[in-house]
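Only one structure is covered here, and it is reproduced in the block below.
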Amino acid sequence: MNCDIAQRRLMSIEDPAQVPADLRAHLASCGSCRDWQGHLVQLERHIPFLPVPVSRARSRFVRKLVASPKKKQEAEQTVPEAAAFAGTIAGPALAAAPSAPRWEKRRWLAGLAAALLLTVFSWWLFRSSDSGSSDAKTAPPGNDPLLASLLHYDLQLATAKSPRERINLLADVAQALHDESRTLAGDTGGNQLTALAGLYKQVIKYGIAKQAPAIPFAERPRVFKPLIDQLEKAAQASERLAKKIPPEQNSPVQDMAASAWEGRRILATLLSEGKG
Amino acid sequence: MHGSYALSGGCTGTLAYQTRRSKLAELDDFDGPGDEEHLLIHSAQQGDRQAFTVLVERYWDRLYRWLFHLTHHRHTAEDLAQETFLKAFANLARFRSGSNFHAWLFRIGYNAFVNQWRGEERARQAFLQHQPPPQESPVDQVLTRETMQLLARAVGRLPADYRAALLLRAEEGLSFHAIAEVLGIKEETARWRVFKARQKLMTLLAPQMDREQV
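So the sequences go chain by chain: A and B. Going by the working numbering, the first sequence runs without a break in its numbering and finishes at 281. Going by the working numbering, the second sequence runs without a break in its numbering and finishes at 210.
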């Protein structure tokens, strides 16, 4: 082994201080390469000591993170009032059929974050009434992982600065709803699944599809491609699920597949516009 | 100007929260991931923010240092670190138990960096404008101040792809496999990038180190 090969090998192994046997043999007989290895190891070991300004943001961030559950708890405490308010403006149809056109229009105008929050309330109301338990009607939604997750996304959505952030959050909401559909299909009746499919459709149709045109053309491939992939997988998974579950649950799952395909189609169209 | 400087990554959390927080902090007293980290991740996946804050305190400085070396800008690195942790928290449910949380987190951080900097082309900002002044460190005794300055400059001038890979190796101790996972590339490409970064550093600095040795 000559020195050039030895040095190239030293630079291509994970730890130049821990050399394999054949390289060790060369180093034992070559002072020049030993020095060279020493320099390489020394340089690499000093990299963690390169000066970097201290970050003071960590403690601020941790404080905010720890404080946010309080905000969430406050939000949860206001759920009954807000749900009552939602019921007032949307009428009884909200719980069972959150897709009334007038309601959708109001919701969109109220802003994306508010829309999602109300979606959460409607889902909470529906789930409570569907469970038939009086406790469920008054219990906050924090115990429900899906609702807790949607509330969390809602808090983030309210502070999202760009269409890209918003569309990514909405994609997460869509994924959470899709994941929940797989759980519901396994152990409950079809009513909740029907409501869930309605919410899923709204998140795609009035959330993702409305936000998507605001994404600049240059950003579209980076933002849309993962989302297109996500929706395609969700659609395929829903189609597979629809074949496995009882016929009475079949229809909402197929609706979810259709919504996902539609979302995918819209994004693909917008993506191709960007290319043109 | 920058007041003080972090010489190395690490977790020196100073915030004291309630009993549960303290118990979780005790779990943090170990090197590298293990059962405790899996427990923290599992708790965080159930919505336990206190558990997640322990993960934030464990990884913040390391992630921030790496992002600073990529961006050369403190506030941008802090924003990206914050964005990374928010995304990680929002997507924790998708994190597969048993996989490498360290690599997963840095992958999110790298995506955030790429999204921001590719679009805005701010990576072209002059390195020296944002590079903090040299700082004495315990290892200055070994490597001279001049060589440390040269090293800082040389690392800062490496192509971003090479720099990202080398720092993951030298600072984070990640394997080529894990580097590939973070950067979304093949393992051989990760090895190649680290190789090229080392080659460039050695070309620039080995002569200087030889002179000092004499």
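We treat Cβ as the ideally placed atom computed from N, Cα and C, and that holds for glycine. None of these values were measured; they are calculated from a predicted model.
8 angstroms Cβ cutoff, residue i in contact with chain B
i: Val57(A); result: yes
i: Leu162(A); result: no
i: Ile52(A); result: yes
i: Gln47(A); result: yes
i: Asp260(A); result: no
i: Arg227(A); result: yes
i: Arg187(A); result: no
i: Glu2(A); result: Here chain A comprises residues numbered 6 to 281, so residue 2(A) is not present and cannot be evaluated.
i: Val208(A); result: no
i: Ser243(A); result: no
i: Gln78(A); result: Bear in mind that a pLDDT of 45 at Gln78(A), under 50, signals an unreliable position, so the number given afterwards is only what the model happens to contain. Not one chain B Cβ lies under 8 angstroms of Gln78(A).
i: His31(A); result: no
i: Asp9(A); result: no
i: Leu232(A); result: no
i: Val67(A); result: yes
i: His183(A); result: no
i: Met16(A); result: yes
i: Phe27(A); result: Reading the sequence as shown, one finds Asp at residue 27(A) and not Phe. For Asp27(A), the answer is no, since every Cβ of chain B falls outside 8 angstroms of its Cβ.
i: Val24(A); result: no
i: Ser264(A); result: no
i: Glu278(A); result: no
i: Leu70(A); result: yes
i: Ala105(A); result: Because Ala105(A) carries a pLDDT of 36, less than 50, the predicted location of this residue cannot be relied on, and the following value inherits that uncertainty. With 8 angstroms as the cut-off, Ala105(A) does not count as an interface residue toward chain B.
Min CB distance residue i to chain A below 8 angstroms
i: Asn234(B); result: Outside the modelled stretch of chain B, which goes from -3 to 210, sits residue 234(B), for which no answer is possible.
i: Gln78(B); result: yes
i: Arg70(B); result: yes
i: Ala202(B); result: yes
i: Phe109(B); result: no
i: Leu147(B); result: yes
i: Leu101(B); result: no
i: Glu33(B); result: no
i: Phe91(B); result: no
i: Glu74(B); result: yes
i: Leu36(B); result: no
Assigned exposure category for residue i - 16 Cβ within 10 Å defines buried
i: Ala108(B); result: buried
i: Leu35(B); result: exposed
i: Arg270(A); result: exposed
i: Thr140(B); result: exposed
i: Asp177(A); result: buried
i: Asn173(A); result: buried
i: Pro21(A); result: buried
i: Lys249(A); result: exposed
i: Cys8(A); result: exposed
i: Gln12(A); result: buried
i: Gln42(B); result: exposed
i: Pro53(A); result: buried
i: Ala12(B); result: Note that Ala12(B) has pLDDT 27, beneath the 50 cutoff, so the model's placement of it is unreliable and no number is given.
i: His71(B); result: exposed
i: Ser186(A); result: buried
i: Pro203(B); result: exposed
i: Asp57(B); result: buried
i: Thr199(B); result: exposed
i: Arg29(A); result: exposed
i: Pro58(A); result: buried
i: Leu92(B); result: In the sequence as presented, Leu is not what sits at residue 92(B); that position holds Arg. By the neighbour-count rule (16 or more Cβ atoms within 10 Å), Arg92(B) is not buried but exposed.
i: Gln235(A); result: buried
Residue-level contact to chain E via CB, residue i, 8 angstroms cutoff
i: Asn96(B); result: The displayed structure is made up of protein chains A and B, and chain E is not among them.
- Query: Along the stretch 41 to 67 of chain B, what residues have a CB closer than 9 angstroms to any CB found in chain A?
  - Reply: Gln42, Gly43, Arg45, Gln46, Phe48, Thr49, Val52, Glu53, Trp56, Asp57, Tyr60, Arg61, Phe64 and His65
- Please go through the stretch 171 to 198 of chain B and give each complete alpha helix (DSSP H) segment of 4 or more residues, from N-terminal end onward. 172 to 179
- In the stretch 169 to 196 of chain B, which residues sit with their C-beta less than 7 angstroms from some C-beta in chain A, listed in chain order? Ser171, Phe172, Arg187, Phe191, Arg194 and Gln195
- Going along the stretch 153 to 166 of chain B in order, which residues come within less than 9 angstroms of chain A, judged by CB to CB distance? Leu162, Leu163, Arg165 and Ala166
- Query: Unbroken alpha helix (DSSP H) runs of length 4 or more, entirely within the stretch 194 to 225 of chain A: which are they?
  - Reply: 195 to 207
- Message: Which complete alpha helix (DSSP H) runs does the stretch 46 to 114 of chain B hold, if anything under 4 residues is left out?
- Response: 70 to 86
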